[in-house]
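Under our numbering, think of the first position of the sequence shown as 2, with each following residue one higher.
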Amino acid sequence: MQSVAVIGSGPTGIYFLKAMLESEIKFNIALFDQAAALGTGMPYTTNLNSKQMLANIASIEIPILLESYCTWLQKLSDYQLENYELNKGNIAERGFYPRTLLGKYFQDQLIEIIKLLIAKGHKINIQNNSFVRNVDYLNGKFELRVHSYNFIKQILTYDHVVMATGHYYDKAIDSGNLMASPWPYKKLNKIRNCKVGILGTSLSAIDAFVAVAHNNGSFIENETGELAYNLNPNVSQLDITMMSRKGILPEADFFCPLPYEPLEIFTEELVQNFIDHCQSDLLDETVDYH
Ligand SMILES: Cc1cc2nc3c(=O)[nH]c(=O)nc-3n(C[C@H](O)[C@H](O)[C@H](O)COP(=O)(O)OP(=O)(O)OC[C@H]3O[C@@H](n4cnc5c(N)ncnc54)[C@H](O)[C@@H]3O)c2cc1C
């Protein structure tokens, strides 16, 4: 049996595993993630993101795993939805919901996909809490250096490797009140009743803004649906400035027509042609194609 190591269990890793359900060939699959909980990736994990941080992708845009995000949301109990200030009546396929809730969808779908892969005869070895430190290609095999959180170091070999490692954010640059990123969100809790400058006006800046606003006050919706923001009683000095070089905000809307129109240039046939004829640099050749 050929072996494949998947490094990263976020959306990229999950969509890869979903594609493996189509494979006629059985594989020995090892799934590595440095995190304890699999399936949420970086933007959707509860460790780094607060409930107020919203996804800017709606159900209609998310390629279906085993069921659509909207269908999955509808199956949650009233209690589970209430926890995110949602109810079954206001779930819509174009709605934007907390990123940590989207993480739970990915996590649930991953579990179901793993069960299906096992049922189809693949072997699955799950290695959470396992940081892949290095990948070498030696004598036709990939050699992975893996450090587990219980300090065990392993060298493991595989026939194939899928890098699904996604985002890297530098935790070391924070210096006192100068924060290099708004994650993990808990560090923003110390920002109370003061002046705050946010460099940027895009999605990460909105994350920071929303988290600080929630820590210093509350958003209240009246009966007519109007939203007001009230400062907490002990807060009088909160003053948040977002700074942008270009003065633009991200568009919380769709860039392409939905449902997607059939591709005319970058078709599956074209990609297959590259796979069949490229000797090397397959990714570069494909992406550079005009
Ligand atoms: C803050 C933020 C918010 C975002 N919000 C949205 C959004 O609302 N909508 C949207 O469409 N996109 C959003 N994105 C874009 C995001 O890139 C994708 O949605 C998606 O998370 C990418 O999935 P991924 O699996 O490639 O990477 P990730 O989600 O980052 O997952 C990578 C996984 O690999 C693991 N990993 C990394 N390195 C190693 C290693 N060496 N060893 C072992 N495990 C490792 C990580 O622990 C993680 O679980 C956001 C990105 C960020 C940074």
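We put the beta carbon where it would ideally sit given N, CA and C, even for glycine. These numbers were taken from a predicted model, which means no experiment stands behind them.
Contact belief for residue i with residue j at Cβ below 8 Å, rounded distance in angstroms
i	j	result
I119	I125	6 Å
P185	N48	6 Å
S205	S176	Going by Cβ atoms, the distance from S205 to S176 rounds to 18 Å, so no, they are not a contact pair.
I15	I114	7 Å
N295	N190	The requested residue 295 is not part of the displayed model; the chain covers only 2 to 291.
N231	S219	6 Å
L157	S10	The pair is not a contact, with the Cβ atoms about 17 Å apart (cut-off 8 Å).
A37	N151	Going by Cβ atoms, the distance from A37 to N151 rounds to 12 Å, so no, they are not a contact pair.
Nearest candidate by alpha-carbon position, reference residue i, set the options
i	options	result
L139	K154, V133, K121 and Y159	Y159
S198	A165, M21, L228 and M180	Strictly speaking, residue 198 in this sequence is Gly, with Ser absent from that position. Measuring from the Cα of G198, the nearest candidate turns out to be M180.
I61	S78, F97, M243 and N231	F97
L200	S245, L264 and P12	S245
S51	G248, M164, F33 and K188	K188
K142	M54, S4 and E270	S4
K154	N135, E270, Y290 and D79	N135
L32	Y169, H123 and I276	H123
Q75	I8, G248, I63 and G90	G90
M2	H161, D289, Y169 and E265	H161
G248	K121, H168, H278 and S203	S203
I63	S78, Y85, Y106 and E265	Y106
T72	D109, K121 and Q53	D109
Q53	Y80, D79 and Y85	Y85
Check: residue i C-beta below 7 Å from any heavy atom of ligand 1
i	result
T166	yes
S205	yes
A6	no
V211	no
Q35	yes
D109	no
V162	no
M21	no
G96	no
M43	yes
F132	yes
G9	yes
P295	Since the first and last residues shown for the chain are 2 and 291, residue 295 lies out of range.
D208	yes
A56	yes
R146	no
R100	yes
Cα-Cα separation between residue i and residue j, rounded to whole angstroms
i	j	result
K27	D282	27 Å
D285	V272	12 Å
T166	N274	27 Å
I30	A6	6 Å
Q35	S149	8 Å
K196	E224	32 Å
L145	A59	36 Å
I241	L87	28 Å
L250	I207	9 Å
L239	N233	10 Å
K116	E227	45 Å
V163	F17	8 Å
T46	D137	29 Å
T287	T13	19 Å
A94	T268	Note on identity: in this sequence residue 94 is Glu, with Ala being the wrong assignment. Roughly 27 Å between the two C-alpha positions.
I276	V133	28 Å
I92	D289	40 Å
H278	M243	49 Å
L82	K121	33 Å
L77	I221	25 Å
Heavy atom of ligand 2 within 7 Å of residue i beta-carbon
i	result
K89	This structure lacks ligand 2; the ligands present are ligand 1.
Next on the checklist: Could you check whether the region 257–266 touches the region 208–219, counting it as contact only if at least three pairs of C-beta atoms, one from each stretch, sit closer than 8 Å?
Outcome noted: no
Checklist entry - When the Cβ atoms of the region 15–24 are set against those of the region 91–104, are three or more pairs found closer than 8 Å? => result No contact exists between the region 15–24 and the region 91–104.
Next on the checklist: Assess contact between the region 32–41 and the region 52–68, defined as three or more Cβ pairs (one per stretch) separated by less than 8 Å. Is contact present?
Outcome noted: no
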